[in-house]
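Note that full-length UniProt numbering numbers the sequence shown so that position 189 is 189, with each residue one more than the last. Below: one structure, written as structure tokens.
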Amino acid sequence: MLFFLLSVLLFTSWRGKLEGAFLLSAVFITALWHVSAVIWLQLGGVWSSSAYVFLENARNIAWFIFLFRLLVPFKMQAGRDARLFTFLPGLVLIGASLMLLLETINVLLIAAQQGPLIADLELPNHLGLAIIGLILIEQLFRNTRLEQRWKLKYLYFGIGSIFAYDFLLYADAFLFTHVDQDLWNARGYVNALVVPMLAVAAARNPGWSVKVFVSRKVVFHTTALVGAGIYLLFMSAIGYYIRYYGGTWGKAAQMVFFFLALATLVALLFSSHLRSRTKVFLNKHFFRYKYDYREEWLRIIHTLSDGEPGTQIRERVIKALADLVDSGGGLLWMRDESGSFQSVSHWQAAECHATLSADSSLANFFKDRDWIVDLDEYAGYPDLYENLQLPGWLEEIQYAWLLLPIRHHSELIGFMVLIRPRAPRQINWEDRDLLKTASQQAASYLALLKASEDLARANQFEAFNRLSAFVVHDLKNLVAQLDLVVTNAARHKNNPAFMEDAINTVDHAATKMKRLLAQLRQGRFSKSSSRVFPLAEALQEAVRGHSGFLPVPELQVSGEAGLVVADKDRLSAVIGHLIKNAQEATADDGFVRLEMDEKGGELWVTISDNGSGMEAGFIRDRLFQPFETTKGNAGMGIGVYESREFIRSLGGVITVESEVGRGTVFTLRLPVHNVQPSPDGMRSGAVAEV
Numbered sequence: 001m002l003f004f005l006l007s008v009l010l011f012t013s014w015r016g017k018l019e020g021a022f023l024l025s026a027v028f029i030t031a032l033w034h035v036s037a038v039i040w041l042q043l044g045g046v047w048s049s050s051a052y053v054f055l056e057n058a059r060n061i062a063w064f065i066f067l068f069r070l071l072v073p074f075k076m077q078a079g080r081d082a083r084l085f086t087f088l089p090g091l092v093l094i095g096a097s098l099m100l101l102l103e104t105i106n107v108l109l110i111a112a113q114q115g116p117l118i119a120d121l122e123l124p125n126h127l128g129l130a131i132i133g134l135i136l137i138e139q140l141f142r143n144t145r146l147e148q149r150w151k152l153k154y155l156y157f158g159i160g161s162i163f164a165y166d167f168l169l170y171a172d173a174f175l176f177t178h179v180d181q182d183l184w185n186a187r188g189y190v191n192a193l194v195v196p197m198l199a200v201a202a203a204r205n206p207g208w209s210v211k212v213f214v215s216r217k218v219v220f221h222t223t224a225l226v227g228a229g230i231y232l233l234f235m236s237a238i239g240y241y242i243r244y245y246g247g248t249w250g251k252a253a254q255m256v257f258f259f260l261a262l263a264t265l266v267a268l269l270f271s272s273h274l275r276s277r278t279k280v281f282l283n284k285h286f287f288r289y290k291y292d293y294r295e296e297w298l299r300i301i302h303t304l305s306d307g308e309p310g311t312q313i314r315e316r317v318i319k320a321l322a323d324l325v326d327s328g329g330g331l332l333w334m335r336d337e338s339g340s341f342q343s344v345s346h347w348q349a350a351e352c353h354a355t356l357s358a359d360s361s362l363a364n365f366f367k368d369r370d371w372i373v374d375l376d377e378y379a380g381y382p383d384l385y386e387n388l389q390l391p392g393w394l395e396e397i398q399y400a401w402l403l404l405p406i407r408h409h410s411e412l413i414g415f416m417v418l419i420r421p422r423a424p425r426q427i428n429w430e431d432r433d434l435l436k437t438a439s440q441q442a443a444s445y446l447a448l449l450k451a452s453e454d455l456a457r458a459n460q461f462e463a464f465n466r467l468s469a470f471v472v473h474d475l476k477n478l479v480a481q482l483d484l485v486v487t488n489a490a491r492h493k494n495n496p497a498f499m500e501d502a503i504n505t506v507d508h509a510a511t512k513m514k515r516l517l518a519q520l521r522q523g524r525f526s527k528s529s530s531r532v533f534p535l536a537e538a539l540q541e542a543v544r545g546h547s548g549f550l551p552v553p554e555l556q557v558s559g560e561a562g563l564v565v566a567d568k569d570r571l572s573a574v575i576g577h578l579i580k581n582a583q584e585a586t587a588d589d590g591f592v593r594l595e596m597d598e599k600g601g602e603l604w605v606t607i608s609d610n611g612s613g614m615e616a617g618f619i620r621d622r623l624f625q626p627f628e629t630t631k632g633n634a635g636m637g638i639g640v641y642e643s644r645e646f647i648r649s650l651g652g653v654i655t656v657e658s659e660v661g662r663g664t665v666f667t668l669r670l671p672v673h674n675v676q677p678s679p680d681g682m683r684s685g686a687v688a689e690v
């Protein structure tokens, strides 16, 4: 029975090379031989004995063929002895076949009461075949490399045990001229113990299998029928117990119970949720996977690690995950310091500048569940996603297909939108598992990139602090020089030489302080109190301060004079910094224009020029990063970063649009200060939230 079960397992589960056919034949013939032994013991007779002897010899030959097939790879390693590997299998099989033929003729002659052709042939035949089997096992074990023996050792132990026991049985019978009954009775149990060894060997060598496909639908329906049968048997047993011990109400209670059991069974069979879970369970545990996970994982690692380090890794992350499901491209959003999700990269898809807030429905859905959102499934069955509300800007992305969360240590750090593949494709549980696993690996790369950027920024701030220390030291020296001049002025103010030296000292101090101020003019502003004032005043002050440089900035204010709550000096400095940048990037005959207007409860300030412009990659990756500048040593790269942080602190937003050779437009959106009457009759205000 165990050999029959192993035959079914090999026939239905394994796929592969020619070795599988030989292994399956040997196992199946061995199973038939065991059946013939049972029939012979039960019925007796010459024909059942003949069938038993014939199948035993056929079993040995089948195992010889399989073992010789395993010897083929060693033929290339044999060198001078290659002829031995060429002719030995044929000689052994010819000899075994002749022995099988002679013994068959003997059996037939004995059955016809003619007498054997060759007397006493059976024991030497079986003994010789057992010795040949042991020799083959020894040769295979000797020629198998050490690193491969773990895959084949159980095969050698199993088949070797069969031939070793046959040798013991027939050697004892040959010496004592009769078969020992105890050894004969134990033979079947010994062979049964070999089956697990053969199963383990087959599992470690999947290439031995035969190519047989079993439909998933057949397995699903069979499982459903078997499960229903077991359920009905169990319910029948309970029903019998109810009827037997139910007294006068036993039959009625039994019928009620049967009705409830059948109704429950029908409900379960028609449950789409149960059917889906059953299919996933069967696919996971009873069928081979459609992916070669070793190859897929190596390809993912190669894609992620190939190329230069830096922000390009974001595009490689998109490509690695998109290639898993043949997606045509994708976009990547990452969480920023405020908790919202910003678009940071795209691959073979149109760029999208939309932002997803931290408290949006999609963000909360990804935080609570590690689910992949299939937009086709969402459109047909939105209830599966438990009232998920997708952002409206998602419709602007052409051919959007899957929404994939990206987690690092169970924390949502971003998400990805994958584009539809060129050929229609449905994803199943295996695609989802592979995508989620690969996204966790990709998340580690993205987290490492973020940590590297933070570390580099921290190092740059440290360098800036060290520079500040040098500046403070220089200022202290300058103050000491000027203090010395003031101290001696009362006594030497009429001395022309002192006055000349004092003027030179002051000139030197002024020159050095100008140089220090030029280095620090884009540094941090000191804190000061905020107040309500018209935004136009800050704009006019910034324009006046930079009117001495070309091109002269132009200001246009539309609508009412909107009020803001801010530090006026700092806001003027921020706007002035943007004006100065525009002037430095624009030729003297170009233009720098400022426009202010009120839109939807916000004050919009645009600063536009027709200067050199900036590349899209620089704007996306470097413009708003500290210590990034296009001015070389002339700037420290802090001004735009500081401007953005200040505007954010006011509840506003700063955006930029630019094109190389065409110019740049900075847009500042600030909340309007709404003036409202207070209960005591005075006027008060509140800053509008955005």
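Beta carbons: idealized from backbone N, C-alpha and C, even for Gly. Since the structure is predicted, the reported quantities are computational estimates derived from the model, not experimental observations.
- The stretch 185–192 and the stretch 226–243 do not touch, with fewer than three beta-carbon pairs separated by less than 8 Å.
- In the three-state DSSP reduction, PHE54 falls in the helix class (H, G or I).
- Spanning the alpha carbons of LEU449 and PHE28 requires a straight line of approximately 58 Å.
- Rounded to the nearest whole angstrom, the CA to CA distance from ILE242 to LEU262 is 16 Å.
- With fewer than 16 neighbouring CB atoms inside 10 Å of its own CB, PHE176 falls in the exposed class.
- Here VAL485 has ALA502 and THR505 as same chain residues with Cβ atoms under 6 Å from its own Cβ, once five neighbours each way along the sequence are excluded.
- TRP63 counts as buried, since at least 16 other C-beta atoms from the protein chains shown sit within 10 angstroms of its C-beta.
- Spatial neighbours of ALA51 in its own chain (CB-CB distance under 6 Å, excluding positions within 5 residues in sequence) are listed in chain order as SER36.
- Around the beta carbon of LEU260, a 10 Å sphere encloses fewer than 16 other beta carbons of the protein chains shown; the residue is thus reported as exposed.
- One alpha carbon belongs to PRO391, the other to ASN428, and they sit about 25 Å apart.
- The DSSP-derived three-state label of TRP604 is strand.
- Beta-bridge partners of ASP166 (DSSP): none assigned.
- The DSSP-derived three-state label of HIS178 is coil.
- DSSP places LYS493 outside both helix and strand once states are collapsed to three, so it counts as coil.
- For PHE618, there is no enclosing beta strand (DSSP E); the residue is found in the alpha helix (DSSP H) stretching over 616–621.
- PHE258 is the residue among PHE258, GLY227 and ALA228 whose C-alpha sits nearest the C-alpha of TYR240.
- Put simply, the backbone Cα of ASP166 is about 14 Å away from that of TRP33.
- For TYR156, the closest of ALA201, LEU23, VAL179 and LEU2 by C-alpha to C-alpha distance is ALA201.
- For ALA267, the closest C-alpha among the options ILE300, ALA253, ALA228 and TRP297 is that of ALA228.
- Secondary structure note for GLN556: its beta strand (DSSP E) is the uninterrupted segment 554–557.
- The C-beta of VAL38 has fewer than 16 other C-beta atoms within 10 Å across all chains shown, which makes the residue exposed.
- The stretch 342–358 makes no contact with the stretch 376–387, as fewer than three CB pairs between them are under 8 Å.
- In the displayed model, GLN342 falls within a strand according to three-state DSSP.
- Judged by beta-carbon spacing, ALA447 lies beyond the 8 Å limit of ILE419, meaning their Cβ atoms are not closer than that value.
- When beta bridges are read from the DSSP output, HIS126 appears opposite no residue.
- Assigned with DSSP and collapsed to three states, SER530 falls in coil, not helix or strand.
- At least 8 Å separates the beta-carbon of TYR399 from that of ILE313.
- Under the three-state reduction of DSSP, VAL672 is assigned to coil, being neither helix nor strand.
- Just measuring C-alpha positions, the residue of PHE141, GLU537 and ILE159 sitting nearest ASN60 is ILE159.
- Close CB contacts of ALA585 within its chain, under the 6 Å cut and outside five residues either way in sequence, are with GLY611 and SER612 (chain order).
- For SER547, there is no enclosing alpha helix (DSSP H), as DSSP marks it with neither H nor E.
- According to the DSSP secondary-structure assignment, MET596 is paired through a beta bridge with VAL557 and VAL605.
- The beta carbon of PHE4 sits closer than 7 Å to the beta carbons of ALA31 from its chain, once the five residues preceding and following it are set aside; these are given in chain order.
- The alpha carbon of ASP621 has as its nearest neighbour, out of PHE498, HIS302 and TYR641, the alpha carbon of TYR641.
- In this structure, the beta-carbon distance from LEU140 to LEU183 does not fall below 8 Å.
- By the 16-neighbour rule on beta-carbons within 10 angstroms, MET416 is buried.
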